[in-house]
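Chains R and L are the protein sequences, given in the same order.
Everything in the first sequence is counted per my numbering, starting at 885 for the first residue and increasing by one.
Everything in the second sequence is counted per my numbering, starting at 885 for the first residue and increasing by one.
Have a look at the structure below before the remarks.
Number of protein chains: 2
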Amino acid sequence: MRATIKDVAKEAGVSPATVSFILNNKPVSISEATRERVLTAVKKLQYRPNQLAISLVTNTTNTIGVILPDSTNPFFASLSHHMEEKLRSKNMTVIIGNTNGDPVITRKYLQIFSDRRVDGIVLAQLDFEDEEETVKCQELMRNIDIPIIYVDRVIEGCDHYSIAVDQTKIGYLATKYLLSLGHRRIGCASGSIRLKVNANRYHGYTMALHEFGLESDSALLFCDSLSIDCGCKALPCLLGHNVSAIFAFNDMIAYGIYKECKNYNLIIPNDLSVIGVDDIYFSDLLQPPLTTISQPVNEIADEAVKVLLELIANTSKSFSPVKLNPVLKVRGSVKNLSES
Amino acid sequence: MRATIKDVAKEAGVSPATVSFILNNKPVSISEATRERVLTAVKKLQYRPNQLAISLVTNTTNTIGVILPDSTNPFFASLSHHMEEKLRSKNMTVIIGNTNGDPVITRKYLQIFSDRRVDGIVLAQLDFEDEEETVKCQELMRNIDIPIIYVDRVIEGCDHYSIAVDQTKIGYLATKYLLSLGHRRIGCASGSIRLKVNANRYHGYTMALHEFGLESDSALLFCDSLSIDCGCKALPCLLGHNVSAIFAFNDMIAYGIYKECKNYNLIIPNDLSVIGVDDIYFSDLLQPPLTTISQPVNEIADEAVKVLLELIANTSKSFSPVKLNPVLKVRGSVKNLSES
DNA sequence: CTATTTTATTAAAATGTTTTAATATAGATA
DNA sequence: TATCTATATTAAAACATTTTAATAAAATAG
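Spelled out as C-alpha cells, the structure:
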C-alpha cells in the first residue's frame, strides 16, 4: 500500500499539517530537527502525495484538455506535441480527445474534461456542418467555468479567447500565387463547404480571382472532406473541367491528388500544378516537393499555452484574439505557365 | 459556482446519500416520488458529479496514461489514436506523455501518471542506450502499483505484460526479401545499435544473410537515430560502400533516403533499392511507393486496451506476453536484380 | 396487538490532502 | 515576576463524493 501523509506524520512523530508545510515549502517556521525527521520519514516510506486529494482541495489538476479532430493528422499531432512539451516543464499534463469532427463527441469531451476539472481546454475545431451544433457547443462552453482557448480555425464572433490563422488569407495567398504563374482555370479540392474553414478558404480564392478580373465557377469546386480520399476523388472530377492547377484545401488532399496522378499517368507539375495547405513535414518529401501554405503550428501552440496559462493564473482578463499569418512555401509542385 | 451533491440534496429535500444512490443506480430501494424529486433537482441545478471526488473515494480515475517516444511519428500517433477511440466508448480518457526516447522523461511520466492514479499505463518504449537506465525504469515500474502494459518494442525477460512485435523477424523478413531479389550488398540505416529494437532488427538481418551464406559487414551498418535526418546522413556513407539496397530501420529513415536521393540524382529503385519498417500511411504515397515491413498497429492497440482493461478489472492474472507478427508489404522501392 | 421483516432514508465515516485558526513553548521585555 | 512576542506545532474544517451501518416507518406474520 502507498504511504499517506498520515503515515509519514506518524513515522516522524508530527502532525500531517507539519508534513504538508515542509513538503510545500510553506512560509511557516519549522525547526531544523523536525524538518529532518519528516524528510527522512518521507524517504523511508517512499511517500508521494496523492494528486487526486491535492486537486480536490486546491481545485487545480495541472491538466490541460486538448480537443482536436484527429491526432493522426500531422498538423494536429505537431500542435498537441508542441503544447505537451511546453507544459511538461510546468509539470502539467495533456489529455487528448479526438473528435473526428463530430460535434457530439466534441461536446462529450468538453463535458468529460470539465467533470475532471482540467485547468484549461484547448479546442481546435468548433465548426460543424450543422450551424445548430456549433451553437450547442458554444452554449456548453459558456456553462463550463474553465478557461477555454480556441485554436487555429476560429469562428468569427466567438466569445472565447482564440489563436487564429486567417483562413481567408490562406485561400487568397494560394490562389494569387497560382494566378501569378499564369494559371487561370484553378480547381478547388475542399472539405465540406458548409464548414467555415473551407468557406473562408474558398472566399479567399474568389477574392484573388476577382483581383485578376475572373469569376469563380462552381464547377471548379469539388467538396468532400479534408482527407487523402478527397484528393483521389477530386482529381478525375476536376480534370474533366480542364483545370491547369488544383488548390487542395490541405496537404492530405494534395497527397491524394499525387496518389491519383500516378494512376492517370500525370506528371506534377508538368501536367498539373498542385498547391496545399498546412505544410505537414512530409510535404517536403513528396516528388515533387509540395508547394503549400504553411500555418505556423509551433507559434499557435506557443501562444495557446501562453495565453491559457495566463488565463488560469488570473481568471479575469480582457479578451483579445490573436491572429497569426499563413505563409507561402514555394517548392516544386506548381508550374510557371507564363515561362513556357 | 458548480452545484454539488449537497445542493441537489437540499433542493430535493433528501440526504446526499440518497442522491448518490439514485445517480449511480445502486441496488437500494428508493420511492418513485423521491427519485423524481432528485432527478428534477439534478436537472434544475445542472448538477454533474465532480470526478475528482469520485476518483478519490473509488480509487479509479478512468484514465489511461500512454507513454511514447514521439506522438508526431505517425506510427505512435496511430497507436494512441486507436487506443483513445477504443477507450472513449468506456468513458475512459487518455493522457499522453512524449519521452523523446529519454529515460529521465520516461521515469518522470511514470511517476506523474502514478501520482495521478491513472488506472493503467501503456508504455511504448523501455529501451535505452544505457542499460542502467532501463533497470532504473523497471525498478520504478515494480514500485508502482498500477497495471502497466508494455507495447511494441518489448524487452526480453521483462516481467510486465506485453504486446510485442518480433523485432528480429522484422529484420529477417526485410533482408530475406532483398536477398531473394538478388541483392547482396545491403546497407543498414539504423538508430543507435545499443537500443534493443535496432540490435534485434540487425540480428534478423544477419540471420537472413547467413541463410544465404553471407557474412555481415560492419561497414554496411550506419547508426544514428530513427529519424528522417538519419536517412539523409546514411545515404552518402552507404553509397561509399557500394550497396545496391538499403534496409532502413523505419519508414522515417527511408524518407530521408528518398529525400537525399534527389540531391544525388538517384532513381529509386533503379539506382538504389530501399525497404522500410512501420508502414506509415504516407509510405504508400511516396514515389515510388515504399516497400516496407508493416507492424500491426491497430492490432497492437486493440490487444493493449483489451489486456489492460482485464488487468484493471481483476488485479490478479497470469502473465502471458502477446506476440504479433510483422508482415512484408511489397510496393515499388525494391528492384529485382535477378530479372535484369 | 406484538413481533418480525421489508422498504426507504440518513448519519457518519472514509478517501488524502491543504489551510486556517488556535495553542503551547520559549525567549525577551519591562 | 508578569507580560508580550516570536517560534513551533497542531486540531479541525474543508474539498465532493461513496458507502457502511444505523434507523425510522411501513407492511406482514403470527
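All residues carry an ideal CB built from backbone N, CA and C; glycine is no exception.
Query, Result
"Contact list for the region 953 to 986 of chain R against chain L, Cβ threshold 8 angstroms", "D954, S955, T956, P958, A961, S962, S964, H965, E968, E969, R972, N975, T977, V978, I979, I980, G981, N982"
"Residues of the region 1136 to 1153 of chain R with Cβ closer than 9 angstroms to any Cβ of chain L, in chain order", "Y1139, G1140, Y1142, K1143, K1146"
"Residue environment, L/S1064, which counts as buried when at least 16 other CB atoms sit within 10 Å", "exposed"
"L/E1099 classed as buried or exposed, judged by whether at least 16 other C-beta atoms fall within 10 angstroms", "exposed"
"Nearest-angstrom Cβ-Cβ length linking R/L936 and L/L936, presumed shorter than 8 angstroms", "6 angstroms"
"When R/L1010, R/C1145, R/V1181, R/N1134 are compared against R/S1111, the one with the closest alpha-carbon", "R/N1134"
"Interface flag, R/Y1165 vs chain L, CB-CB below 9 angstroms", "yes"
"Local conformation of L/V1059 per DSSP, three classes", "The sequence shown places Thr at residue 1059 of chain L, rather than the Val named in the question. Correct three-state label for L/T1059: helix."
"is_contact[R/D891, chain L] using C-beta, thresh 9 angstroms", "no"
"The ligand MG heavy atom lying under 8 angstroms from the CB of L/V1081", "As presented, the structure is devoid of all ligands, the ligand MG included, so that no description of it is given."
"Nearest-angstrom Cα separation, counted from L/T1090 out to R/L994", "52 angstroms"
"Cutoff 9 angstroms: R/L940 Cβ touching any chain L Cβ", "yes"
"Outcome for L/S1204 when other beta-carbon atoms lying within 10 angstroms are tallied against a minimum of 16", "exposed"
"L/A937 at chain R interface by Cβ criterion, 9 angstroms", "yes"
"Where R/S913 falls, given that 16 or more other Cβ within 10 Å makes a residue buried", "exposed"
"Buried versus exposed, by CB contacts within 10 Å (16 or more), L/E1187", "buried"
"DSSP state of L/A1129 mapped onto helix, strand, coil", "strand"
"Own chain residues within Cβ distance below 7 angstroms of L/N946, not counting five before or after", "N975, M976, T977, D1003"
"Rounded straight-line distance, which links the Cα of R/I1196 to that of R/N943", "12 angstroms"
"Chain L within 9 angstroms of R/K992, Cβ atoms only", "yes"
"Distance, L/Q930 Cα to R/N984 Cα", "27 angstroms"
"When R/S1128, R/P1172, R/V1181 are compared against R/D1155, the one with the closest alpha-carbon", "R/S1128"
"Between the CA atoms of L/T902 and L/A896 - distance to the nearest angstrom", "10 angstroms"
"9 angstroms Cβ cutoff, L/L1170 in contact with chain R", "yes"
"Cβ pair count under 8 angstroms reaching 3, the region 1107 to 1122 of chain L against the region 1073 to 1093 of chain L", "yes"
"The region 1005 to 1013 of chain L in contact with the region 1025 to 1035 of chain L per 3-pair CB rule at 8 angstroms", "yes"
"Segments assigned alpha helix (DSSP H), at least 4 residues, entirely inside the region 947 to 1015 of chain L", "958 to 972, 987 to 999"
"Beta-carbon proximity of L/I1152 to L/P1172, cut-off 9 angstroms", "yes"
"Interface residues of chain R facing L/D1003 [CB-CB closer than 8 angstroms]", "Result: empty, since nearest Cβ-Cβ is about 12 angstroms, beyond 8 angstroms."
"9 angstroms Cβ cut-off: residues of chain L touching R/D1029", "M885, R886"
"Test item: CB-CB of L/F1148 and R/F1166 under 9 angstroms", "The sequence shown places Tyr at residue 1148 of chain L, not Phe. For L/Y1148 and R/F1166, no; Cβs fall outside 9 angstroms."
"Under 9 angstroms between C-beta atoms of L/I980 and R/E969", "no"
"Assigned exposure category for L/A1118 - 16 Cβ within 10 Å defines buried", "buried"
"Own chain partners of R/S955 with C-beta closer than 7 angstroms, once the 5 adjacent residues on each side are dropped", "A961, S964, I980, N982"
"Min CB distance R/S998 to chain L below 9 angstroms", "yes"
"Beta carbon of R/K1143 nearer than 9 angstroms to that of L/L1174", "no"
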